Every structure is written in structure tokens, then in C-alpha cells.
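Reviewing the structure listed below.
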Amino acid sequence: MKVVIKKSTKAEKKYMAIFYDGKRRVKTTHFGAAGMSDYTKHKDKKRKQRYMNRHRTRENWSNYMSAGALSRWILWNKPSLRASIRDYKQRFSLN
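Residue numbers (the numbering used here): 3 to 97.
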């Protein structure tokens, strides 16, 4: 499975993940509320922990195609977007 992360085409979202199986698009997921801060921007570990505490009970972070997992592993994982995307792809064996 291949994933491409791009700026969202929806005004209210930050990014979108487009998943491909071979050359066929399987799913597009928009994630991250536009206008809101995240760990890749503020780099505050306490705010990151509060985000994780708030969201861990209602989101399935193991479903790599879900908006919740994309937000958790890309916007709230590492201090840089590039490092988070690299970790996300490695974690879920994506190209």
C-alpha cells in the first residue's frame, strides 16, 4: 500500500492522505483541523500528552487510514512533519 500526504482540498482540514493499492486509489482521508496548532508546530511535550490523553479513548490509532490515526501519528508524533511522516510509513509498512 502506498500513501501520499498533501495539503487538503477541504478548507477546514490541514492535510489529506491518499492511499493507493498499486495504481488504483483506495481511499482519501482528510485530517487535522485547519487553524489549530499541533505538535509539529508548537513542539510542547505537555500539550502533546494532553492531546493524547483526550483522544486515546475514542480513536483507533491502529487503523492507519482513519483521520484519528493520521492526526496522532503525523501531527502529534514527532516535532517535524517530515519525521512524523517517515515514522508513520515505517510503523504501518507503507510506501
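Beta carbons: idealized from backbone N, C-alpha and C, even for Gly. Note that this is a predicted model, so its numbers are computed, not measured.
Note on Asp23: under 16 other CB atoms within 10 angstroms of its CB, so exposed under the neighbour-count rule. Beta-carbon to beta-carbon, Gly34 and Leu77 are separated by about 5 Å, close enough to satisfy the 8 Å threshold. Distance from the CA atom of Lys15 to the CA atom of Thr31, rounded to whole angstroms, is 10 Å.
In terms of CA proximity to Asn79, Lys47 leads the group Lys47, Leu96 and Thr59. By the C-beta density criterion, Ser73 is buried, having at least 16 other C-beta atoms within 10 angstroms. Under the three-state reduction of DSSP output, Ala13 falls in the coil class, being neither helix nor strand.
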